[in-house]
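Since the structure comes first, as structure tokens, the remarks are kept for the end.
Residue numbers (full-length UniProt numbering): 1 to 343.
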């Protein structure tokens with residue numbers, strides 16, 4: 001660039017004698033100018049001689065936020081096995097249910113509802129958790145009774161019960177001032193718990209319809225197979241990772257939904273009319289896709305709680321939460337698709 005005169009201390013030559021091949025504001029020169037320019041301090045004054053603060057803390061914080069959680073193979077196999085057993089129990093209960101033998105199936109569903117309330121109450125931790133759990137169990141028991149005894153069979157009574165149970169749970173959360181402060185943030189979680197409990201009574205309504213038992217077989221088989229395949233694939237090939245903090249792979253989720261749809265189409269080809277392979281595939285694609293997304297959402301929720309520094313959920317409830325939530329939210333879709341496509 002130029003040199004300083006030794007006598008006067010002024011710049012003797014500012015511009016170069018030979019032209020540069022590139023623009024003076026190209027990327028490299030701009031970077032050099034930015035590095036050589038004095039830094040502006042926090043107070044607004046230039047502090048060129050102020051040393052840079054080390055960025056090690058920021059790097060450590062960034063590494064902590066994107067901590068890579070490894071996939072535990074045995075745990076993935078166990079969760080997939082639990083999903084398969086849960087689906088098999090719900091399907092066998094529906095197949096063995098008859099006009100005079102619905103009580104055993106209702107008892108099985110009540111046990112599943114209890115597991116659901118336990119898992120989601122411990123995971124979501126709503127205000128007045130004990131009251132919410134008690135209200136949800138009472139709502140589940142009432143939902144099973146109405147699903148068995150209502151005439152004609154339908155879900156309208158269950159919808160009324162869902163609204164009533166949700167309102168009662170909210171009232172229970174307003175008793176203490178400490179719980180009232182958290183009420184607004186807990187509305188969604190409380191509704192999810194009540195919704196899942198009432199949803200598990202839907203198979204009792206479906207088995208009372210002419211084609212409902214076959215619909216339960218097709219849809220729940222698709223859900224169970226999709227969850228089983230997804231978790232078994234994660235145990236062998238958990239890639240590509242969906243997120244560093246979520247121990248799940250995209251291959252398992254997609255493969256599970258595809259095989260669940262295929263299984264539903266195969267069942268639709270062997271069942272009586274109005275089932276067809278196309279209708280079975282549509283039902284299977286809808287419920288298997290929803291089940292996979294719900295199961296994945298549970299993993300994201302748990303990862304979010306871990307990154308926020310919250311205490312982890314009890315391990316049994318944490319690992320049952322995904323399959324239970326997947327079955328709970330796929331059952332209303334099963335009823336809706338059965339009513340519109342197969343009736």
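All C-beta atoms, glycine included, are put in the ideal place defined by N, C-alpha and C.
Own chain partners of residue i with C-beta closer than 7 Å, once the 5 adjacent residues on each side are dropped
i	result
residue 119	317, 320, 321 and 324
residue 332	199 and 202
residue 24	Confidence is the limiting factor: at residue 24 the pLDDT is only 40, short of 50, which leaves the residue's position unreliable and the question unanswerable from this model.
residue 294	325, 326 and 329
residue 139	161, 165, 194, 197 and 198
residue 225	259, 260 and 263
residue 33	Caution applies to residue 33, whose pLDDT of 40 falls short of 50 and renders its modelled position unreliable; the value that the coordinates give is listed next. Same-chain partners within the cutoff: there are none.
residue 74	none
residue 209	153
residue 257	226, 288, 289 and 292
residue 253	230, 292 and 296
residue 26	Note on residue 26: pLDDT 42, under 50, position unreliable in the model; no value is reported.
residue 237	249 and 251
residue 106	144, 148 and 204
residue 142	161
residue 182	127
residue 179	127, 128 and 173
residue 175	128
Cβ distance (whole Å) where residue i is taken to contact residue j below 8 Å
i	j	result
residue 261	residue 281	6 Å
residue 127	residue 95	Their Cβ separation, rounded to whole angstroms, is 41 Å, which puts residue 127 and residue 95 out of contact at 8 Å.
residue 92	residue 144	Contact flag wrong, Cβ pair sits at about 18 Å.
residue 121	residue 132	6 Å
residue 223	residue 87	6 Å
residue 286	residue 220	So it is not a contact: roughly 13 Å between Cβ atoms.
residue 81	residue 108	About 18 Å separates the two Cβ atoms, so there is no contact after all.
residue 189	residue 242	Not really, about 23 Å apart at Cβ, beyond 8 Å.
residue 101	residue 228	Between residue 228 and residue 101 the Cβ distance is about 28 Å, and since that is not below 8 Å, they are no contact.
residue 335	residue 163	Incorrect: roughly 17 Å between the Cβ atoms, too far for contact.
Three-way DSSP call (helix, strand, coil) for residue i in this model
i	result
residue 270	helix
residue 330	helix
residue 340	helix
residue 93	helix
residue 22	The predicted model places residue 22 with a pLDDT of 41, which falls under 50 and marks its position as unreliable; any figure quoted below should be read in that light. In the structure shown, residue 22 sits in coil (DSSP, three-state: anything other than H, G, I, E or B).
residue 72	coil
residue 233	helix
residue 354	The first residue shown for the chain is 1 and the last is 343, placing residue 354 beyond what the model contains.
residue 277	helix
residue 210	coil
residue 305	helix
residue 126	coil
residue 318	helix
Bridge partners - residue i, DSSP secondary structure assignment
i	result
residue 241	249
Same chain, Cβ closer than 8 Å to residue i, neighbours up to 5 away in sequence not counted
i	result
residue 342	211, 215, 274, 275 and 279
residue 218	264, 267, 268, 271, 275, 280, 283 and 284
residue 240	249, 250 and 251
residue 187	170
residue 146	157, 158, 161 and 201
residue 300	243 and 246
residue 303	69, 243, 245 and 246
residue 137	113, 114, 117 and 197
residue 103	148
residue 207	94, 97, 102, 105, 213 and 216
residue 339	none
residue 255	229, 230 and 233
Same chain, Cβ closer than 6 Å to residue i, neighbours up to 5 away in sequence not counted
i	result
residue 61	Only weak support is given to the placement of residue 61: the predicted model assigns it a pLDDT of 48, under 50, and the question is left unresolved by the model.
residue 76	231, 234 and 235
residue 79	231 and 319
residue 112	200
residue 168	135
Residue i beta carbon near the ligand HEM (any heavy atom closer than 7 Å)
i	result
residue 117	For the structure depicted, the ligand HEM is absent and the ligand set is empty, with no information on it obtainable.
Exercise for the section: For the segment 96-122, list the beta strand (DSSP E) runs that are entirely contained and at least 3 residues long, ordered along the chain. Expected result: Runs of beta strand (DSSP E) with 3 or more residues, each lying fully within the segment 96-122, are absent.
Exercise for the section: Please list the segments of the alpha helix (DSSP H) lying wholly inside the segment 128-192, counting only runs of 4 or more residues, in order along the chain. Expected result: Unbroken alpha helix (DSSP H) stretches of 4 residues or longer found wholly inside the segment 128-192: 129-149, 156-172 and 177-181, given in chain order.
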